[in-house]
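Below is one structure, written out as structure tokens; comments come after it.
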Amino acid sequence: FTDRLEERGISIQNLLPEQSVKSAMVDPDRLRQVFVNLLENVARYVSDSGILTVRSFRDPDSLTLILEDSGQGVPDEALPHLFDRFYRTDLSRNRETGGSGLGLAICKNLIEAHGGSIHAESVEPHGLRIVITIKTVADTKQ
816 FTDRLEERGI SIQNLLPEQS VKSAMVDPDR LRQVFVNLLE NVARYVSDSG
866 ILTVRSFRDP DSLTLILEDS GQGVPDEALP HLFDRFYRTD LSRNRETGGS
916 GLGLAICKNL IEAHGGSIHA ESVEPHGLRI VITIKTVADT KQ
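Per the numbering used here, the sequence shown starts with residue 816, numbered consecutively.
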């Protein structure tokens, strides 16, 4: 998917730390599915020459991943429903942008199945921030 974003001039700012983080008990295929769904949304809703910033931080018990785009944003009243199945923020754009309306609902279900959480926040003046938190496993090496 990064090729598709690059073709449209959407730059990816990778602000992830180089050092690996604690282990998290996740199914890598399901986590990959989450990121594919999120990148599909970026490709669908961020204009050419837009920006996607990816960063993370950790605390003792969790890892938080943040994906922030420079897209058209989401109205504040739509944020609580963004992860509902078949929810659309603008019904008039369904034919133009495509998609089934299931991608973010699938993301939420998969992240929650791993004991994590996912939510969206508006970014001023435009854009969307997706925040994913996943529990980490304590390092048993002494």
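No residue lacks a Cβ here, since even glycine has one placed at the ideal position from N, Cα and C.
Exercise for the section: Drop a sphere of 10 angstroms on the beta-carbon of Asp818, count the other beta-carbons inside from all chains shown, and report buried for 16 or more, exposed for fewer. Expected result: exposed
Handout entry: Bridge partners - Val952, DSSP secondary structure assignment
Key = Partner(s): none; Val952 has no beta bridge.
Handout entry: Straight-line gap, Arg908 to Gly888 (C-alpha atoms, nearest Å)
Key = Residue placement at Arg908 is flagged as unreliable, the pLDDT there being 48, under the threshold of 50; a coordinate-derived value is accordingly withheld.
Exercise for the section: Please go through the same chain and pick out, in chain order, the residues whose beta-carbon is closer than 8 Å to the beta-carbon of Gly886, but skip the five residues on each side of it. Expected result: Closer than 8 Å at the Cβ level, and outside the excluded window around Gly886, lie Val857, Tyr860, Val861, Ser862, Gly865, His941, Gly942 and Leu943.
Problem - Inter-residue spacing [alpha-carbon to alpha-carbon] between Phe872 and Ile947 - result: 11 Å
Problem - Coarse secondary structure for Ser907, derived from DSSP in three states - result: Residue placement at Ser907 cannot be trusted, given a pLDDT of 46 that sits under 50; what the coordinates show is reported in the next sentence. Of the three classes helix, strand and coil, the one that applies to Ser907 here is helix, per DSSP.
Practice task
Starting from Gln887, trace the beta strand (DSSP E) both ways and give me its first and last residue.
Solution key: Looking at the DSSP string, Gln887 is not in any beta strand (DSSP E), and its letter there is neither H nor E.
Problem - Rounded separation between Pro875 and Glu822 - CA only - result: Near 38 Å, if we compare the C-alpha coordinates of Glu822 and Pro875.
Exercise for the section: Go to Arg845, then tell me how far its alpha helix (DSSP H) extends in each direction, as first and last residue. Expected result: Pro843 to Tyr860
Exercise for the section: Whole angstroms is fine: what's the gap from Phe968's alpha carbon to His929's? Expected result: The structure shown does not extend to residue 968, since the chain is modelled only from 816 to 957, so the question has no answer here.
Problem - Per-residue DSSP class, three states only, for Arg944 - result: strand
Handout entry: Cβ-Cβ distance between Leu867 and Leu878 below 8 Å
Key = Against a cut-off of 8 Å, the Cβ pair of Leu878 and Leu867 comes out as no contact.
Problem - Endpoints, beta strand (DSSP E) assigned at Ile866 - result: Ile866 to Asp874
Handout entry: Three-state secondary structure (DSSP) of Leu897
Key = coil
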